[in-house]
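Notes for the one structure printed next.
Protein chains in written order, with the numbering used here: chain A, 1 to 239; chain B, 240 to 478.
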């Protein structure tokens, strides 16, 4: 039986051993949803980077550069952090360097901590990704990106959804209260994810920035079966 | 309208401003439940200390010394961390120095961070404490002690219960996802706290150490109206 541990904030990652485990980075609104979309739409790779300077430096190496800070698109960047900007052939066969407030830093943190594989989590491909993880068979860490190290509702909700799918009602074998907590939250919210998240701080923040469509899209279930994981410094299709 | 923020682990306390706020330290199983019981049973003060050495040094100053590590009573100490050891006149008019794995360290951390008042949280006096906080009117931080910096279910459950009582269904005014999360968990667990917590890691840990009775007691609602808070380095009855 594989073990699943939910880490509710990157600030708590140091308490969890991730070596020889698969780490799913979760930044539902919007980084990891956008990464999965970009790869599904034919981008050849997404390279998560921590700083805007790193992204800008990669522009000279043929990358499209994409990113946001505090929900705002970055000046002079090719793309923001909206999944819709990755559609209609805009990223096909392109490499993208992406930097965001929370999610892309987590990919780096999980890599630095020695994860076996770092996987991008999203509702858009949750079933395919869960199946991939079950088949791979390693213990799993579900790492919520949160908001500036604070716990958020949407990433916790996704962690609960994925833990539920993988454990298949075998919850009582868990030795991790964070996982129980995430599953409990998902049990409450699963019948209407968007309705459940209206109260959350980032939903409110993105609503104020007119990203309503992005949020609806990011909460859509199983639009595709592409699974996205990291090899070296870039994220690719791995199934 | 006062603001309520739940901090799910002491490792996240640095993200939250606590100055000029009331901080409720929550270590339901068992430190803060035991502190409240001791004061209600007539102890003149409880002094939370971080190390066993600090406790032992206070024995020479007339304190009863109490404590545990990893759920086990400490060798040579007068009392463990069970609320029942504080009953039947055993602590009446006594001062107690208490050191525990998680809870007592949080009292110190909240004090060091500059909290206006540090309050001991327990189900045993939850209504009286919530009323005291509402009357006092300062913004509130509900600080879950967790287990060695990891998030736990029972402290989150209590934080949700107290936030619910104080906000009185005014949840949509909250700008803190951790508070929403705690309230959601409480909504799921409120009809049978003990049943809800059977799955939690610390419930299992204490069950293995034969502390079943302690846990049932610590989940009892409103056994008394004594409110316990810190003045200088000691905790007293404050109502």
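Cβ atoms here follow ideal geometry from the backbone N, Cα and C, with glycine treated the same way. None of the values given here were measured: they were computed from a predicted structure.
Only counting the same chain, and skipping five residues up and downstream in sequence, which positions put a Cβ closer than 7 Å to that of residue i?
i: residue 13/A; result: 7, 109, 113 and 143
i: residue 116/A; result: 20, 21, 22 and 138
i: residue 343/B; result: 270, 287, 288, 289 and 337
Is residue i buried or exposed, if buried means 16 or more other CB atoms sit within 10 Å of its CB?
i: residue 200/A; result: buried
i: residue 231/A; result: exposed
i: residue 130/A; result: buried
i: residue 366/B; result: exposed
i: residue 445/B; result: buried
i: residue 30/A; result: buried
i: residue 364/B; result: buried
i: residue 240/B; result: exposed
i: residue 4/A; result: buried
i: residue 461/B; result: exposed
i: residue 81/A; result: buried
i: residue 257/B; result: buried
i: residue 102/A; result: buried
Considering just the uninterrupted stretch of the alpha helix (DSSP H) at residue i, what are its terminal residues?
i: residue 196/A; result: 193-197
i: residue 305/B; result: Unbroken run through residue 305/B is the beta strand (DSSP E), 303-308; no alpha helix (DSSP H).
i: residue 457/B; result: 451-457
i: residue 397/B; result: 392-406
i: residue 294/B; result: 291-298
I need the boundaries of the beta strand (DSSP E) containing residue i, first residue and last residue.
i: residue 114/A; result: Note, residue 114/A: premise wrong, no beta strand (DSSP E); not H, not E.
i: residue 230/A; result: 228-231
i: residue 415/B; result: Unbroken run through residue 415/B: none, as it is neither H nor E.
i: residue 447/B; result: From DSSP, residue 447/B is part of no beta strand (DSSP E) but of the alpha helix (DSSP H) over 440-447.
i: residue 143/A; result: 140-144
i: residue 26/A; result: 22-26
i: residue 126/A; result: Residue 126/A -> not in any beta strand (DSSP E); alpha helix (DSSP H) instead, spanning 126-136.
i: residue 335/B; result: 334-338
i: residue 4/A; result: 4-7
i: residue 277/B; result: Per DSSP, residue 277/B belongs to no beta strand (DSSP E); it is in the alpha helix (DSSP H), 270-279.
i: residue 235/A; result: 234-237
i: residue 322/B; result: Segment: none, residue 322/B is in no beta strand (DSSP E) and carries neither H nor E.
i: residue 286/B; result: 284-287
Spell out whether any CB of chain B is found under 8 Å from the CB atom of residue i.
i: residue 152/A; result: yes
i: residue 201/A; result: yes
i: residue 175/A; result: yes
i: residue 181/A; result: yes
i: residue 27/A; result: no
i: residue 64/A; result: no
Is the Cβ of residue i closer than 8 Å to any Cβ of chain A?
i: residue 247/B; result: yes
i: residue 250/B; result: yes
i: residue 427/B; result: yes
i: residue 368/B; result: no
i: residue 424/B; result: yes
i: residue 458/B; result: no
i: residue 448/B; result: no
i: residue 417/B; result: yes
i: residue 388/B; result: yes
i: residue 395/B; result: yes
i: residue 254/B; result: yes
Leaving out five residues before and five after residue i in sequence, what residues of the same chain have Cβ atoms less than 8 Å from its Cβ?
i: residue 227/A; result: 119, 125, 128, 129, 132, 237, 238 and 239
Excluding the five sequence neighbours on either side, which residues of its own chain have a C-beta within less than 6 Å of the C-beta of residue i, listed in chain order?
i: residue 160/A; result: 182, 183, 185 and 186
query = Does the stretch 187-194 of chain A come within contact of the stretch 141-161 of chain A, defined as at least 3 CB pairs closer than 8 Å?
reply = Yes: at least three Cβ pairs fall under 8 Å.
ask   = Counting Cβ pairs, one atom from each stretch, are 3 or more of them under 8 Å apart for the stretch 78-97 of chain A and the stretch 44-57 of chain A?
value = Contact between the stretch 78-97 of chain A and the stretch 44-57 of chain A is present, because at least three Cβ pairs lie under 8 Å.
message = Any contact between the stretch 118-127 of chain A and the stretch 13-31 of chain A? By contact I mean 3 or more CB pairs, one from each, below 8 Å.
response = A contact exists between the stretch 118-127 of chain A and the stretch 13-31 of chain A.
ask   = Do the stretch 418-426 of chain B and the stretch 179-187 of chain A touch if we need at least three Cβ pairs shorter than 8 Å?
value = Judged by pairs of C-beta atoms under 8 Å, the stretch 418-426 of chain B touches the stretch 179-187 of chain A, as three or more such pairs exist.
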